[in-house]
Each structure stands twice: as C-alpha cells, then as structure tokens.
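First up is the structure itself, then whatever we jot down about it.
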Amino acid sequence: MSDYNFAYLDEQTKRMIRRAILKGLAIPGYQVPFASREMPMPYGWGTGGVQVSAAVLCPEDTLKVIDQGADDTTNAVSIRRFFERTAQIAVTTATADATVIQTRHRIPEEPLRDGQILVYQVPIPEPLRFLEPRESETRKMHALEEYGLMHVKLYEDISRHGHIATAYAYPVKVADRYVMDPSPIPKFDNPKMEMAAIQLFGAGREQRIYALPPFTRVVSLDFEDHPFVASKADHPCGLCGAQDSYLDEVIVDDAGGRMFVCSDTDYCAGRQVDGHRGSDNKEYAA
Amino acid sequence: MDNAALQGGFIDPARDAARAFRAGMEAMARPGTIQTLNGCTAPAPMSVAAATLLSTLCDAETPLHLAGTCDTDGVRKWVRFHLGAPLVGRADAMFAVGDWDALAPLDAYAVGTPDYPDRSATLIVEVAALTNTGATLTGPGIAQTATLSLPDGLLAARVARYPLGIDFYFTCGDRIAALPRTTKGAR
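Just so you know, the sequences run in chain order B and Y. Taking the working numbering, the leading residue of the first sequence gets 17, the next gets one more, and so forth. Taking the working numbering, the leading residue of the second sequence gets 863, the next gets one more, and so forth.
Structural data, given as structure tokens:
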C-alpha cells in the first residue's frame, strides 16, 4: 500500500481538473482556467502536465515521460518515478507501448494512435502574452477572434530576417477559431498535431488547461507568399542515419567538433536495433 | 434511514473514478463513439452510466439540475449523500440530468460568455436507445464522419453560436456517448 491517494492528488482536485479537461476538449484551443495545486516539484518542472496526467491516469496505464524527446533526462526521470511511486503505474520508454505520454517540448517521431494520450507541459499558455501583457486584454482578443497582432509579429520576423524566424512555440489556429500556443515544441512538430491521439495541455503556474481532440484541424499561421515550413537541421542523424527526424546539435570536443543526433531517443534507439547506422556511430566506423 | 440512498457509490473511489473519467473523456474527445461506463448505481430511473458520470464529475462545487423522471425523492437523497451537489434550476446548473423532453428547451441553460465559454452547462440526456445510427456527425474528434442516434429535435434545438454552447452526454444503461458544441450534425 502507498501512503498517497492514487496518482497523488485528492479526489476533489481531480474532479475539478477533469471538468476543465472536458470543457477543453469541447472548445479546442481555448484555455480553461483551473485551480492549479502546489505540486512537490518547482514551477517550470511540469507541474501543469503532472496534474493533467494525475487526473487521466488509470491503474492499467503505461506511462512514458519525455523531456526534449529524451526519456533519460532529469525532468523525465523524476516525473516517471513520481507516478511509479504515487500511482504504482507501469512505465516504459517505448512510444508504441505507452498509453499516456507526458512530454516537455517534443512530439514523438512515431505516429500516435487511437487510445493514446499526449500530455504537454506548458510554460506560457497564452500565445498573445508577449504581444499584450494584460490578461484582461488577451481574453478579449480571443473572445473577438482578434488575432491581427500575431500576424504583425510574424510579418516583423519577415521584414527583419527575410523569413519567419519563430522556430518553436509556433502559433497555430485550432478548428478555425482559437489561436493556440502549441507549447515550446519545435515548429517541425506542428504538422504532427493533427493526430489520432488525444492531446492535453497543462500550465501549472499559469493555471490553464487546454486540449485538442483527435483529428482536430490545426493550422500553423503563415502568409501566402511566406508559407509555413516545418524545418529541421539539414543533416542525417549521426547515430541512426534518420533523415526524417528532428535533430539536436551536440558539441563533442573542444575543437568545434559537433554531431547531429535524433532528439527522440526512443526512435533513434529503435532504428539502431533495426540495424540503421549513422556516419558518427562508432560501431559503423569500426 | 433510507438505505437506497447510501448504496451505489464507487467501491474503490480513486481507481474506479479514474477509469470512469477515461471513458467519459474518450466519449467527449471522440463524438459519436459509444463507451462503457459503470461503477455506480443510483435509484431508478437513473441509468448506471449517468450515475457513474455524476459521481466522477460532480461534488459540492457543481450545481446540478435534476429534470423530469430523474427528479425523484430517491435520486435527490442519493445525490445529497454521494455528491453533495446543490440541486438547482436550469439557469444555475453546471450539470443537468434527465430525459430529453424534461431537459428541453435549452434556452435557460448557461452557454458561457465570450470571455469564458467554458462556463457552460453539460447536459446528461437519458435515452431509451443509444446506437451508431441516425444523425451524421462531423467536427473535431471525428476522422471522417460518425453516426449516432440523437433525441428528436436536439439538433434543431442547438443554437450555433460557437464558441458558446452546451455540451451533451447521452446515457443508456451502462453506455455513454457525447456531443460537444463543436460537432455538426445532419439527418
């Protein structure tokens, strides 16, 4: 027996979060306020995602937690352990085996399916916040569907850099109505958001929950003459040779040496098990 | 003491409610799909699915409207003991449960405000039959189209003023389906 209630939160808190999730699903992209609780980890470590996960987890679930695509970073390991301890939940690093995936700043490369839930950790849920600091005003802008300012911001990118320089947290329009912050995922991941799995977003410090039902229309904002491009580093993965995955640049020595590797560690490891090798892979060189 | 009011709650509240919520969430996220939802039993005529959904979502913070045949002394006592939800009229209700004829018309229910469209009622409609036949549904959560049996007149009664609106659950025995405000329906 554990000394915690199942999945840490008390039942009344879970009901409150669950009601917010349902309204979020009914109004895709709209940020539902919720009474975020203090969690036994600091803000910025995924307290919003943890609360959403705690509200959806069932005893039969298998949980995967990733941080920037990796299963073995501090944030991912500590959240995985948290739920192992408070919910006695099965955990995995394999995307295909997971029923609930909590993520910080990435969508797994492997397409998600019916029956899976992707829970995002969100730092700043309001896409208009850096353009308009007042909550009362941004709320009005969403109510009036007044999103001109966001296009001005993207236009200023073009006038200054010659292209839309926003590379992550790239704003999207959901179901032809709400402009939504997809959380700081690279814009490479934006097209994946029209998926078969349920996507839930939790912002703990900012006390907002929002959601995307499966197959919801998600359009990255752009201009006719500057269409959205899901960009990535123009290299294959140094370990598994993948051409189609999002890459991290890793400095490997003091002489400017670097390599590009898949940010999704499970995808990369899976490809290496299947025999794929990249040019920086020592086994390949030997 | 009336024993019926004390019976029928979750046996293992944390885990049972988690499973029940998942069924309710899958239903809301995938309009038109029929999920199995059980774990709680309220006095007749309330269905198992409706009783379980109420137990999963309602507490002292959620004003509840009991409509028509669901508004019996037995159900009221059960709600008071298990949920503690204030029983209110249509206008103040966050949740309402009953058959379609007793729930309609929809004018009186909260549809949210432009600033806070989430402050809207969720109606739990008890139906005699729940099948994947009848109205053709499209919208978020539906890959192509879905079909679901809907009460007569429900589609016409829904006023299109998205993002404001009312969200529906349909319950029949231990089965549940949902129709959020985003779903478009055609006969």
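Note that beta-carbon positions come from the ideal geometry of N, C-alpha and C, so glycine has one too.
| At a Cβ cut of 7 Å, what residues of the segment 34-57 of chain B count as close to chain Y, listed as they run along the chain? | Arg34, Arg35, Ile37, Leu38, Lys39, Leu41, Ala42, Ile43, Pro44, Tyr46, Val48
| task | Check the Cβ of Pro976 (chain Y) against every Cβ in chain B and list those closer than 8 Å, keeping chain order. | result | Ala159, Leu160
| field | chain B within 9 Å of Tyr1024 (chain Y), Cβ atoms only | value | yes
| From Ala301 (chain B) to His292 (chain B), what distance separates their C-alpha atoms? | Confidence at Ala301 (chain B) is low in this model, with a pLDDT of 47, below 50, so its placement is unreliable and the value that follows should be read with caution. Their backbone Cα atoms lie some 13 Å apart in a straight line.
| query | Going along the chain, which residues of the segment 866-879 of chain Y sit with their C-beta nearer than 9 Å to a C-beta in chain B? | reply | Asp874, Pro875, Ala876, Arg877, Ala879
| request: For Ala845 (chain Y), return the contacting residues in chain B, with the cut-off set at a CB-CB distance below 7 Å. | output: Nothing can be reported for residue 845 (chain Y), as the shown portion of chain Y is limited to 863 through 1049.
| request: Pull up the distance between the alpha-carbon of Glu988 (chain Y) and that of Tyr283 (chain B), whole angstroms please. | output: 46 Å
| Cβ-based contacts, 9 Å cut-off: residues of the segment 908-934 of chain Y near chain B | Thr918, Leu919, Cys920, Asp921, Ala922, Glu923, Thr924
| said: Strictly below 9 Å CB to CB, what residues from chain B border Ala970 (chain Y)? | reply: Going along chain B, no residue has its Cβ under 9 Å from Ala970 (chain Y), so there is no contact; the nearest lies around 19 Å.
| task | Please go through the segment 930-971 of chain Y and give each complete alpha helix (DSSP H) segment of 4 or more residues, from N-terminal end onward. | result | 935-944, 962-965
| query | So does the segment 60-74 of chain B actually touch the segment 29-44 of chain B, counting three or more Cβ pairs closer than 8 Å? | reply | yes
| field | Beta-carbon separation (whole angstroms), Gly1047 (chain Y) vs Leu1026 (chain Y), contact threshold 8 Å | value | No, Gly1047 (chain Y) and Leu1026 (chain Y) are not in contact; Cβ-Cβ is about 17 Å, not under 8 Å.
| said: Per the DSSP calculation, Ile33 (chain B) is bridged to which residue(s)? | reply: Its beta-bridge partners do not exist; DSSP assigns none.
| query | Helix, strand or coil: which one does DSSP assign to Ser199 (chain B)? | reply | coil
| said: Quick check on Pro948 (chain Y) - is its C-beta less than 9 Å from some C-beta in chain B? | reply: no
| said: Strictly by DSSP, which residues pair up with Pro49 (chain B)? | reply: B:Arg224
| message | Taking the alpha carbon of Ile1028 (chain Y) as the reference point, which residue from B:Asn21, B:Phe22, B:Leu38, B:Tyr24 has its own alpha carbon closest? | response | B:Leu38
| said: According to DSSP, is Arg16 (chain B) part of a helix, a strand, or is it coil? | reply: Absent from the structure is residue 16 (chain B), since the part of chain B shown begins at 17 and ends at 302.
| query | Can Asp1014 (chain Y) and Trp962 (chain Y) be called in contact, C-beta distance under 9 Å? | reply | yes
| Sheet register partners of Val93 (chain B) (DSSP bridge) | In the DSSP output, where bridge partners are listed per residue, Val93 (chain B) has none listed.
| field | Thr232 (chain B) beta carbon less than 9 Å from that of Lys203 (chain B) | value | no
| task | Find the nearest neighbour of Glu265 (chain B) within the set B:Ser295, B:Ala249, B:Ser236, B:Pro243, judged by alpha-carbon distance. | result | B:Ala249
| query | Going straight from the alpha carbon of Thr1033 (chain Y) to that of Ala891 (chain Y), what length do you get? | reply | 16 Å
| message | Less than 9 Å between the beta carbons of Thr102 (chain B) and Leu128 (chain B), yes or no? | response | no
| Contact the segment 973-990 of chain Y vs the segment 875-889 of chain Y: 3+ CB pairs below 8 Å | no
| Where Ala258 (chain B) and Gly294 (chain B) are concerned, what is the direct C-alpha to C-alpha distance, given to the nearest angstrom? | 8 Å
| field | Beta-carbon proximity of Ala913 (chain Y) to Gly870 (chain Y), cut-off 9 Å | value | yes
| field | Supposed contact pair Gly131 (chain B) and Thr115 (chain B) - C-beta distance, whole angstroms, cut 8 Å | value | 6 Å
| field | Closer than 8 Å at the beta carbon, the chain B residues around Thr998 (chain Y) | value | Those do not exist, as Thr998 (chain Y) stays about 16 Å from chain B at its closest Cβ, beyond 8 Å.
| field | Proximity winner among B:Met275, B:Asp192, B:Asp269, relative to Cys256 (chain B) (alpha-carbon distances) | value | B:Met275
| query | What is the DSSP secondary structure of Phe1032 (chain Y), counted as helix, strand or coil? | reply | strand
| Which listed residue (Y:Val941, Y:Thr931, Y:Ser982, Y:Asp933) has its alpha carbon closest to that of Leu902 (chain Y) | The displayed chain sequence assigns Cys, not Leu, to residue 902 (chain Y). The candidate whose alpha carbon is nearest that of Cys902 (chain Y) is Y:Val941.
| message | For a contact defined as C-beta to C-beta under 8 Å, what are the partners of Ala1005 (chain Y) on chain B? | response | Ala212, Pro230, Phe231
| task | Would you identify the three-state DSSP class for Lys169 (chain B), choosing helix, strand or coil? | result | helix
| task | Give a yes or no on contact between the segment 39-54 of chain B and the segment 75-85 of chain B, applying the rule of three or more CB pairs nearer than 8 Å. | result | no
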